[in-house]
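If you're matching them up, the sequences are chains A, B and C in order.
Residue numbering for the first sequence follows our numbering, beginning at 25 and increasing consecutively.
Residue numbering for the second sequence follows our numbering, beginning at 37 and increasing consecutively.
Residue numbering for the third sequence follows our numbering, beginning at 788 and increasing consecutively.
Note that the Cβ used here is the ideal one computed from N, Cα and C, for glycine as well.
Before any comments, here is the structure.
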Amino acid sequence: MIVKDYFLPESLDEAVTLLAERGPDLLVMAGGTIAMMRMNEGHLLPDQVMGLRRVGLDAITINGKLSIGATTTLSTLANNESVPMLSQAARSAASWSLRNMATVGGNLFARNPYGDVATALLALNADLRVINRNGERVLPLADFFAANRQLEPGELLADILVPPPTGQTVYHKFGRRAYNTPAVVTIAAHITRDGDSVTAASIALNGVAATPVRAIPAEKMLVGQPLNGETITAAAQAAAETVDPPSDAVASGWYRQRMVRVILERVLTQIMEQEQ
Amino acid sequence: MASKVVSFTLNGRETEVMVKPLTTLQVVLREQLGHTATKTGCRQGGCGSCTVLLNGEPVLSCLLPAEDVAGQQVTTLEGLTPIDGLHPVQRAFFDHYAVQCGYCSPGMILTTKALLDRNPTPSREEIVEAISGNICRCTGYTAIIEAVEAAAQALKGGQNGR
Amino acid sequence: MGVNMTKVRGQGMAAINYPTGMNLGGDPSQALIHASTTGNFIISLSSTDLGQGLKTVIAQIGAETLGVPFDTVIIDTADTDTGPHCMGTFASRATHRVGNAVMMAANEAKKALLDVAADELEASPDDLELDGNGSIVVKGVPDRSISVIDTALAAHFKHGKTIAGRGIYMKPKSKVDPLTGEMDPDSTEAHACTVAEVEVDTETGEVKVLSLKSAYEVGQQVNPALVEGQIVGGALMGIGHALYETTNPYYPAIDHGPLNFSDYLMPGPAELPEMESVVLEFPSSNGPYGVKGVGEMTANCPIPAIVNAINNALGVRITTLPVTPEVVLRALEEKAAQA
């Protein structure tokens, strides 16, 4: 390791001040499960690194919305039952020891096909609170992904804000192994129904693009319709047709595209069969 | 920035090391402190052979900067092993032929210890889930799962490890 | 869970005839044994224990041949530069080759040991035997005995003699008949048969191995627990080769990785099937105590058994490895197109 400076700020103020002073050359690292791996391999050789383990962003609070500190570990989220889809997503990520280190904020930066917790957050319409030395702003997670995960210079992700789900949620991580597996595709769905009819649909997919994405055409097809075999098949087909997934060692794009259809069908069927 | 002194508790003993920026706990344990039970496998967080317990929780020492553990409790396999014998988890691994090449064993044993501390009577499925981050290439896991079950029995029977 | 989900089951079988060692143009392993001053026996080898338990079984063979307790035998495989030559730990050859070399060395060392003991006991070496508990006794006269420790001490400090032995086992090169291809490539052959049962999800292409039931014929087992360990460990490797593992999933395109350890897919503990195996012992004519070998074939036999089971379940004929879910779906599409 040839890093010249490693900073471990003790507060958020200290962290954003460092970030402002040092500029974009300062590598920001939370749990280290992405950055340390790349540094160990020699693929990332930063001069200066800032670790966030001591800035005090590792708590989950509920105040109307669920507020998840950016450095909350996946284990902490897995053990927090307030939003079942989130604890399930966290529990099915990586391995126990990795979940004890990896953070919810860091998961938003994980390269495809990792970053499954972010997929659940996307389906729940989470917002990000980012701060810099002069103040803070809130931006939708969807916008963050649309901008290819770029924050403004000097900005640091502080919290992830999750509105309480109003409908039914199903999370399905489809991988090759039962545990500790990268995803072929991951689907997180949040469907609100009034009687027979779907009033709101939010479906997030992972493994199909550089970042988790929403299956907008499928969502649009479902709203105003009942959930039945026909509408489910049509929505799943639409979702599959609108993605062009990458090939990697886990699965080919050819296979992933088919699995978007199959797994989304299963997810929506599960929602249909659940009590509202 | 120059090297820093980092103090932490290693296996119950106050320990002080001088580290360069971002030196991993794994390197400190093996190369500075001679605690070589902690293995160097993939250094990518993918194999589990470098597992240590941080405040009782399994973590991967290859991804953990040593400076981050200042003031905290680190347990390695050396700390689990009594001077005159084996910890009940080690004994169970020995008795059940759960060790072949031995490279995964320190991480497996520490993960088992952490599991049984939280859940003294894990189901087979809970054992499988807990050890799924510790890759074993030799045993096919069966003997390891049996050893964890036996360790749970032994610890329940009063042979309490630390 | 889903409305359209379909799962089908199939069974497949495979049997193999597995050679111990290979035709290398002369395939030797050597062993050197010497006693320490306190009557421990150090067996020096260049043969590497990969975790299969070679050190344990070689110590067992050495102790058995010498007639001394197992825990007084020390295996030293420290350095392949300076140790006696061994071709290596591969081709399921180590227990057979190294065991034979160790037996030869142990017999020579035992003779040296008994010669010293004979001097000490004023008896003929032919009348002496080792009791396996650390003593040398005059046959039929149990109270006339000397410990191995005292014998080693006497050899070192009174007689000025070494208690040592040299051993080598070499399989000579076998010439190939240019007309028929006939040759004698191996030393002996072990056998196995595996029956696999699988469940295939025809929507996702996922294959779950439900059970692997095997019979293994491995010659004399030296250590049945280690044989069992090889069989179970090899079976999970076989599942890996059959369904998961590849370094180039889209060969000849090679730019998709796996780029790191986490991306390299192997089965985990949750993917273990029900496993049952029976071990048969038909001793070989030329192995130490009738040993053949178990090693590699434990990973080999499950692979065709699993693929045959998939073919049986789906009515297809897959001939590539690994059988990923994509391979399954493509085979089903091809079948549908031909129908």
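CA-to-CA distance, L81 of chain A to G88 of chain A, given in whole angstroms | 19 Å
Every unbroken alpha helix (DSSP H) within the stretch 220-287 of chain A, with a cutoff of 4 residues, ordered by chain | 240-246 and 253-265
Do you know how far the Cα of L832 of chain C is from the Cα of D863 of chain C?
-> 6 Å
Segments of 3+ residues assigned as beta strand (DSSP E) that fall wholly inside the stretch 83-112 of chain B = 87-90, 93-96 and 109-111
Out of C:F828, C:T843 and C:L1116, point me to the one whose CA is closest to R953 of chain C's CA.
-> C:F828
So which residues of chain A does E997 of chain C contact, with C-beta pairs closer than 8 Å?
-> The sequence given here places Leu at residue 997 of chain C; Glu does not occur at that position. In chain order: nothing, as chain A lies at least about 14 Å away.
Select from the stretch 1059-1071 of chain C all residues with a C-beta closer than 8 Å to any C-beta belonging to chain B, and list them in chain order.
-> L1059 and M1062
Determine, using beta carbons only, whether S43 of chain B comes closer than 8 Å to chain C.
-> no
So is Q839 of chain C in contact with chain B if we call contact Cβ pairs under 8 Å?
-> yes
Rounded to a whole number of angstroms, what is the C-alpha to C-alpha distance between L229 of chain A and M283 of chain A?
-> 11 Å
Within-8 Å CB hit, V790 of chain C to chain B | Its pLDDT being 41, under 50, V790 of chain C is placed unreliably by the model, and nothing is read from it.
Touch check for the stretch 183-193 of chain B and the stretch 929-945 of chain C: three-plus C-beta pairs under 8 Å?
-> no
Can a CB atom of chain A be found closer than 8 Å to the CB of G1043 of chain C?
-> According to the sequence as given, residue 1043 of chain C is His; it is not Gly. For H1043 of chain C, the answer is yes, since a Cβ of chain A falls inside 8 Å of its Cβ.
Span of the beta strand (DSSP E) around A1092 of chain C | No beta strand (DSSP E) contains A1092 of chain C, which is instead part of the alpha helix (DSSP H) from P1089 to L1101.
P250 of chain A versus chain C: which residues are under 8 Å apart at the beta carbon?
-> In chain order: nothing, as chain C lies at least about 15 Å away.
Cβ of L246 of chain A within 8 Å of Cβ of A263 of chain A?
-> no
Residues of the stretch 158-169 of chain B with a CB closer than 8 Å to any CB of chain A: list them in chain order, please.
-> V164, E165, A166, S168 and G169
Say whether the stretch 28-46 of chain A touches the stretch 63-81 of chain B, bearing in mind that this needs 3 or more beta-carbon pairs closer than 8 Å, one atom from each stretch.
-> no
For Q126 of chain B, count neighbouring C-beta atoms within 10 Å of its own C-beta (all shown protein chains included) and say buried if the count is 16 or more, exposed if not.
-> buried
With DSSP as the reference, label L915 of chain C as helix, strand or coil.
-> strand
Of all the options A:A171, A:N131, A:T127 and A:G178, which has the alpha carbon lying nearest to the alpha carbon of G159 of chain A?
-> A:G178
Cβ-based contacts, 8 Å cut-off: residues of the stretch 117-143 of chain A near chain B | A118, S119, W120, S121, L122, N124 and M125
With 16 other CB atoms within 10 Å as the buried threshold, where does N198 of chain A fall?
-> The identity of residue 198 of chain A in the sequence shown is Phe, whereas the question assumes Asn. With 16 or more Cβ atoms within 10 Å of its Cβ, F198 of chain A is classed as buried.
Anyone know if the C-beta pair for A1096 of chain C and A977 of chain C falls short of 8 Å?
-> no
So, are the CB atoms of C873 of chain C and S816 of chain C less than 8 Å apart?
-> yes
Residues in its own chain within less than 8 Å of R66 of chain B by CB, not counting five upstream and five downstream?
-> T72, T74 and T76
Looking at the C-beta of D964 of chain C, does it have a partner C-beta in chain A at a distance below 8 Å?
-> no
Whole-angstrom C-beta distance between T235 of chain A and F169 of chain A, which should lie under 8 Å | 4 Å
Give a yes or no on whether the C-beta atoms belonging to D218 of chain A and P250 of chain A are separated by under 8 Å.
-> no
Cβ-based neighbour list, A1002 of chain C, same chain, cut-off 6 Å, excluding 5 preceding and 5 following | C980 and V1065
Within chain A, partners of Q80 of chain B - CB distance below 8 Å | M61, N64 and E65
On the premise that A893 of chain C lies in contact with L853 of chain C, defined as a C-beta separation below 8 Å, what is that separation, rounded to the nearest angstrom?
-> 5 Å
Local conformation of I1041 of chain C per DSSP, three classes = coil
Answer yes or no: does any C-beta atom of chain A fall closer than 8 Å to that of G197 of chain B?
-> With a pLDDT of 45 at G197 of chain B, under the threshold of 50, the modelled position of this residue cannot be trusted, and the question is left open.
From what residue to what residue does the alpha helix (DSSP H) around I92 of chain A run?
-> From DSSP, I92 of chain A is part of no alpha helix (DSSP H) but of the beta strand (DSSP E) over K89 to G93.
Starting from the beta carbon of R1057 of chain C, find every residue of chain B whose beta carbon is closer than 7 Å, and list them in chain order.
-> Looking at the sequence provided, one finds Ala at residue 1057 of chain C rather than Arg. In chain order: V164 and S168.
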